[in-house]
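Colleague: Sharing a structure here in structure tokens format.
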Amino acid sequence: MIARTDRCRHDCPPGVMSEVRVRFAPSPTGYLHIGGVRTALFNWLWARRHGGSFILRIEDTDVDRNLRESTSVILESMRWLGLDWDEGPEVGGPHGPYFQSERLELYRAYAERLVATGHAFRCYATREEVEAARAAHEARGGRDFRFVSPWRDGRRPPPHSDAPYAIRLRAPRTGSTGFVDLVKGRIDVPNEQQQDFVLLRQNGLPLYNFACVVDDVEMGITLVARGDDHVVNTPPQLLLYEALGRTPPRFAHLPMILGQDGKKLSKRDGAVSTTEYRDAGYLPDALLNYLARLGWSHGDQEVFRRDELVALFDWSRVGATAARWDPKKLAYIQAEHLRALSDARIAELAMPFLERAGLRPDRRTLEAAVATVRTRAVTLVDVADMVDFYFREPPRIDEQAAARFLVESTRAAREELAALLETVEPFDAATLEARVHQWLQQTGRSLKQVAQPARVALTGRTASPGLFEVMAVLGKERTVARLRAADPRPSQLTSTGG
RNA sequence: GGCCCCAUCGUCUAGUGGUCAGGACAUCGGCCUCUCACGCCGGUAACAGGGGUUCGAAUCCCCUUGGGGUCGCCA
Numbered sequence: 198m199i200a201r202t203d204r205c206r207h208d209c210p211p212g213v214m215s216e217v218r219v220r221f222a223p224s225p226t227g228y229l230h231i232g233g234v235r236t237a238l239f240n241w242l243w244a245r246r247h248g249g250s251f252i253l254r255i256e257d258t259d260v261d262r263n264l265r266e267s268t269s270v271i272l273e274s275m276r277w278l279g280l281d282w283d284e285g286p287e288v289g290g291p292h293g294p295y296f297q298s299e300r301l302e303l304y305r306a307y308a309e310r311l312v313a314t315g316h317a318f319r320c321y322a323t324r325e326e327v328e329a330a331r332a333a334h335e336a337r338g339g340r341d342f343r344f345v346s347p348w349r350d351g352r353r354p355p356p357h358s359d360a361p362y363a364i365r366l367r368a369p370r371t372g373s374t375g376f377v378d379l380v381k382g383r384i385d386v387p388n389e390q391q392q393d394f395v396l397l398r399q400n401g402l403p404l405y406n407f408a409c410v411v412d413d414v415e416m417g418i419t420l421v422a423r424g425d426d427h428v429v430n431t432p433p434q435l436l437l438y439e440a441l442g443r444t445p446p447r448f449a450h451l452p453m454i455l456g457q458d459g460k461k462l463s464k465r466d467g468a469v470s471t472t473e474y475r476d477a478g479y480l481p482d483a484l485l486n487y488l489a490r491l492g493w494s495h496g497d498q499e500v501f502r503r504d505e506l507v508a509l510f511d512w513s514r515v516g517a518t519a520a521r522w523d524p525k526k527l528a529y530i531q532a533e534h535l536r537a538l539s540d541a542r543i544a545e546l547a548m549p550f551l552e553r554a555g556l557r558p559d560r561r562t563l564e565a566a567v568a569t570v571r572t573r574a575v576t577l578v579d580v581a582d583m584v585d586f587y588f589r590e591p592p593r594i595d596e597q598a599a600a601r602f603l604v605e606s607t608r609a610a611r612e613e614l615a616a617l618l619e620t621v622e623p624f625d626a627a628t629l630e631a632r633v634h635q636w637l638q639q640t641g642r643s644l645k646q647v648a649q650p651a652r653v654a655l656t657g658r659t660a661s662p663g664l665f666e667v668m669a670v671l672g673k674e675r676t677v678a679r680l681r682a683a684d685p686r687p688s689q690l691t692s693t694g695g
């Protein structure tokens, strides 16, 4: 206890805030949704800021769609993001197991206890009967169906001794249930809106609202931060806490992340799955920075390091408005984070992408190459792509660029330049620039005339880092060779039909 | 439809009764320049509408409109 209090190195009141226990509870859908990442992030930040515990729990009480496989994708994504958990799958913890599908006896015990205390009851209605009641209700134009079980109050006996039953909560019909949300403020819902929702299905599996509360109670969760879509789940859950005689945690409901069209975020807005951003060469810290700024702010600051986020994050700065996903702004934040990295670090991170392209550059050259593209690239994929020509022999030459610049009329200049370069020593950018300018002056040519043909010969493209930097990284031998090899492409010589 | 939530530039936001309503992304000009970027300078651009409260409202209250969420033996 004392040790835990000491671990809170911030200005929080002793005792209460020092026991921060938060959780992220995804269901195994096969991938980690980018919106879920923000929820996870805010929970994680809160735990880390206060030296508390961040718990990962897998909500797989439904069907068989879960699979270890889709869980591992989520864990992998969390690890890539650097959102480490103190308790959960693979790391264990004192409140495990952390898969709901492995906690079934616990839910049953809680449910039976609620039946015993009169807070819940066994409902023998079949699924068909409930569906029929719903259909009848809707036929009458009703939209807000609430099943009223004949077993709720009366002494009605079970159909027969071993009849299957679901366990339902005996919810209050009057009054209201409310709470103070950390981002939305006071929220109250009339209890008429509540219903005797199912805790345990006939097959013994718990439903979300029930399992969630049991686990949050068992795991000692002090603050539940989750998506906006769960605000309607909170009042029923509050009923459960009351029935259980436990004080509920605090709640913080984060506004949704919408697509650019204001609708639900979908593939049309770019990637929705975390691994896609990883594969597209985004940096975890950049993604997290962008996500944090979606709904949270700290004055005018836009770019945050991870440790700054941890130090600064607070619920009072979380906005209540839904935000739209903006790939352009993400790209900006990503570029900022990339540029904050050293050449060596970028080289290290880009290496897998280079290898994916079949290149295995030596580290020193790669770092030098990275230095020339770092202000031009946004993602690591960009880095790999922009640096490609340094390491591919021969370089890939863009056909249109060749057709325009690697033509007879520029040949003489290219050859003269090659001859000149052969004599330059040392072969560094400053020296190269000085000698080339000297040569230009002597020959009466302009850099504008010579630069593009040389650039295409050297890099295969019309856009590239500065010419002299490129030459220096390439080295004398390859620079000269590429200038000389870059005669009109064969395809062009034959393009007239010869 | 019931219930709940939300509402400042195109977008993310600052603003907590008195500001020329600020910043950032995007966008549009310009500078730099061997291309493309980076960088720098500058511009366009917002308090959804209507009522109140107040000496004074982006800020407080109500209504309207618009948007979102949710109404399962899914999570």
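Taking my numbering, the leading residue of the first sequence gets 198, the next gets one more, and so forth.
We treat Cβ as the ideally placed atom computed from N, Cα and C, and that holds for glycine.
(1) Tell me the rounded alpha-carbon separation between Arg265 and Val647.
(2) Over what stretch of residues does the alpha helix (DSSP H) that includes Ile255 continue unbroken?
(3) So, for Gly233: in the same chain, excluding its five sequence neighbours on each side, which residues have a beta-carbon less than 7 angstroms away from its beta-carbon?
(4) By the 10 Å Cβ neighbour count, where 16 or more other Cβ atoms means buried, how is Arg201 classified, buried or exposed?
(5) Which term fits Thr676, buried or exposed, when burial requires 16 or more other beta carbons within 10 angstroms of its beta carbon?
(6) Can you tell me whether Asp482 is buried or exposed? The criterion is at least 16 other CB atoms within 10 Å of its CB, across all chains shown.
(7) Does the segment 568-581 come into contact with the segment 599-613, if we say contact requires no fewer than three beta-carbon pairs (one atom in each stretch) closer than 8 angstroms?
(8) According to DSSP, is Pro549 helix, strand or coil?
(9) Can you tell me which of Tyr474, Ala360 and Arg367 puts its alpha carbon nearest to the alpha carbon of His316?
(10) Kindly indicate the opening and closing residues of the beta strand (DSSP E) around Ser373.
(11) Compare the C-alpha of Lys461 against each of Glu674, Asp425, Leu655 and Arg571 and name the closest.
(12) Is the Cβ-Cβ distance between Ser470 and His634 less than 9 angstroms?
(13) Determine the DSSP secondary structure at Pro687, reduced to helix, strand or coil.
(14) Which residue's Cα is closest to the Cα of Val386: Thr431, Leu491, Thr419 and Trp243?
(15) Gly442 lies in the alpha helix (DSSP H); which residues open and close that run?
(16) Just to check, is the beta-carbon of Leu229 closer than 8 angstroms to a non-hydrogen atom of the ligand FMN?
(17) Just the C-alpha distance for Ile418 and Val217, rounded to the nearest angstrom, thanks.
(18) Can the beta-carbon of Trp243 be found closer than 9 angstroms to that of Val380?
(19) In this structure, how does DSSP classify Ala648 when only helix, strand and coil are distinguished?
(20) Considering only residues of the same chain and omitting the five flanking positions on each side of Glu630, which have a CB-CB separation below 7 angstroms?
(21) Who does Ala313 pair with in a DSSP beta bridge?
(22) Kindly indicate which residue of Ile594, Ser298 and Arg475 has the alpha-carbon position closest to the one of Glu273.
(23) Helix or strand or just coil, what does DSSP make of Val395?
(24) When you compare each of Gly401, Pro286 and Ala669 to Leu618 by their alpha carbons, which one comes out closest?
(25) Please classify Gln531: is it buried, with 16 or more other beta-carbons within 10 angstroms of its beta-carbon, or exposed?
(26) So, helix, strand or coil for Glu590, using DSSP?
(27) Taking DSSP's pairing of strands, which residues face Ser250 in a bridge?
(28) Roughly how many angstroms separate the alpha carbons of Leu451 and Arg521, rounded to a whole number?
(29) Rounded to the nearest angstrom, what separates Ala600 and Ala682 at their Cα positions?
(30) Give the range of the alpha helix (DSSP H) segment to which Ala422 is assigned.
(31) Using the rule of at least 16 other Cβ atoms within 10 Å of the residue's Cβ for burial, across every protein chain shown, is Pro549 buried or exposed?
(32) Between Arg340, Leu671 and Pro286, which lies nearest to Pro225 when the distance is taken from Cα to Cα?
(33) Use the C-beta contact count for Asn400: other C-beta atoms within 10 angstroms, 16 or more gives buried, fewer gives exposed.
(34) Would Pro355 and Tyr321 qualify as a contact pair, given that the criterion is a beta-carbon distance under 9 angstroms?
(35) Hey, would you say Val500 sits closer than 9 angstroms to Asp540, going by beta carbons?
(36) Could you tell me the distance, in whole angstroms, from the CA atom of Glu552 to the CA atom of Ala627?
Modeller: Checking against the coordinates, here is how it stands:
(1) Looking up residue 265 in the first sequence gives position 68. Looking up residue 647 in the first sequence gives position 450. The straight-line gap from Cα to Cα measures roughly 60 angstroms.
(2) Numbered from its first residue, the first sequence carries residue 255 at position 58. Ile255 -> no alpha helix (DSSP H), and no H or E assigned at all.
(3) Here residue 233 is taken as the residue at index 36 of the first sequence, counted from 1. Cβ neighbours of Gly233 beyond the five flanking positions: Pro223.
(4) Position 4 of the first sequence holds residue 201. Low per-residue confidence applies at Arg201: pLDDT is 31, beneath 50, and the placement is therefore not dependable, though the value from the model is reported in the following sentence. It counts as exposed.
(5) Stepping through the first sequence from its first residue, residue 676 is reached at position 479. Buried, by the Cβ-count rule.
(6) In the first sequence, residue 482 corresponds to position 285, counting from 1. It is buried - the Cβ of Asp482 has at least 16 other Cβ atoms within 10 Å.
(7) no
(8) In the first sequence, the residue the question calls residue 549 occupies position 352. Helix.
(9) Reading the first sequence from its first residue, position 119 is the one you call residue 316. For the residues Tyr474, Ala360 and Arg367, the minimum Cα distance to His316 belongs to Arg367.
(10) Within the first sequence, numbered from 1, the residue matching residue 373 stands at position 176. Here the beta strand (DSSP E) through Ser373 covers Ser373 to Asp378.
(11) Taking the first sequence and counting its residues from 1, one reaches residue 461 at position 264. Out of Glu674, Asp425, Leu655 and Arg571, Asp425 has the C-alpha closest to the C-alpha of Lys461.
(12) For the purposes of this step, residue 470 is identified with residue 273 of the first sequence, where counting begins at 1. For the purposes of this step, residue 634 is identified with residue 437 of the first sequence, where counting begins at 1. Cβ distance not < 9 angstroms, so Ser470 and His634 don't count as in contact.
(13) For the purposes of this step, residue 687 is taken as the residue at position 490 of the first sequence. In this prediction, Pro687 has a pLDDT of 49, which is less than 50 and means its spatial position is unreliable; nothing more can be read from the coordinates.
(14) To locate residue 386, count along the first sequence from 1; it is residue 189. For Val386, the nearest C-alpha among the options comes from Thr431.
(15) Here the question's residue 442 lines up with position 245 in the first sequence. Element bounds for Gly442: n/a, residue is neither H nor E.
(16) Annotation note on the ligand FMN: not contained in the displayed structure, which lists no ligands.
(17) The residue labelled residue 418 in the question sits at position 221 within the first sequence. The residue labelled residue 217 in the question sits at position 20 within the first sequence. Roughly 8 angstroms between the two C-alpha positions.
(18) Working through the first sequence from its first residue, we reach residue 243 at position 46. Working through the first sequence from its first residue, we reach residue 380 at position 183. Cβ distance not < 9 angstroms, so Trp243 and Val380 don't count as in contact.
(19) In the first sequence, residue 648 corresponds to position 451, counting from 1. Ala648: helix per DSSP, three-state reduction.
(20) For this step, residue 630 is matched to residue 433 along the first sequence. The answer, listed in chain order, is Phe665.
(21) By one-based count along the first sequence, residue 313 stands at place 116. Ala313 is not bridged to any residue.
(22) If you number the first sequence from 1, residue 273 lands on position 76. Comparing Cα positions, the closest option is Arg475.
(23) For this step, residue 395 is matched to residue 198 along the first sequence. In the structure shown, Val395 sits in a strand (DSSP, three-state: E or B).
(24) Counted from its first residue, the first sequence places residue 618 at position 421. Comparing Cα-Cα distances from Leu618 to each of Gly401, Pro286 and Ala669, the minimum goes to Ala669.
(25) To locate residue 531, count along the first sequence from 1; it is residue 334. It is buried - the Cβ of Gln531 has at least 16 other Cβ atoms within 10 Å.
(26) Numbered from 1 along the first sequence, position 393 holds the residue referred to as residue 590. Looking at Glu590 - three-state DSSP - the assignment turns out to be coil, as it is neither helix nor strand.
(27) Locating residue 250 in the first sequence gives position 53, counting from the first residue. Bridge partners of Ser250: Arg218.
(28) Against the first sequence, residue 451 aligns to sequence position 254. Against the first sequence, residue 521 aligns to sequence position 324. So the alpha carbons of these two residues sit roughly 13 angstroms apart.
(29) By 1-based counting over the first sequence, the position of residue 600 is 403. By 1-based counting over the first sequence, the position of residue 682 is 485. Taking the straight line from one Cα to the other gives about 15 angstroms.
(30) Position 225 of the first sequence holds residue 422. Not the alpha helix (DSSP H): Ala422 falls in the beta strand (DSSP E), residues Leu420 to Gly424.
(31) What you label residue 549 is simply residue 352 of the first sequence in a count that begins at 1. Answer is exposed; the Cβ neighbour count stays below 16.
(32) Here residue 225 refers to the residue found at position 28 of the first sequence. Among Arg340, Leu671 and Pro286, the Cα nearest to that of Pro225 is on Pro286.
(33) Position 203 of the first sequence, counted from the start, is the residue given in the question as residue 400. It counts as exposed.
(34) For this step, residue 355 is matched to residue 158 along the first sequence. For this step, residue 321 is matched to residue 124 along the first sequence. Yes. Within cutoff.
(35) To locate residue 500, count along the first sequence from 1; it is residue 303. To locate residue 540, count along the first sequence from 1; it is residue 343. No, they are not a contact pair.
(36) Taking the first residue of the first sequence as 1, we reach residue 552 at position 355. Taking the first residue of the first sequence as 1, we reach residue 627 at position 430. Their backbone Cα atoms lie some 31 angstroms apart in a straight line.
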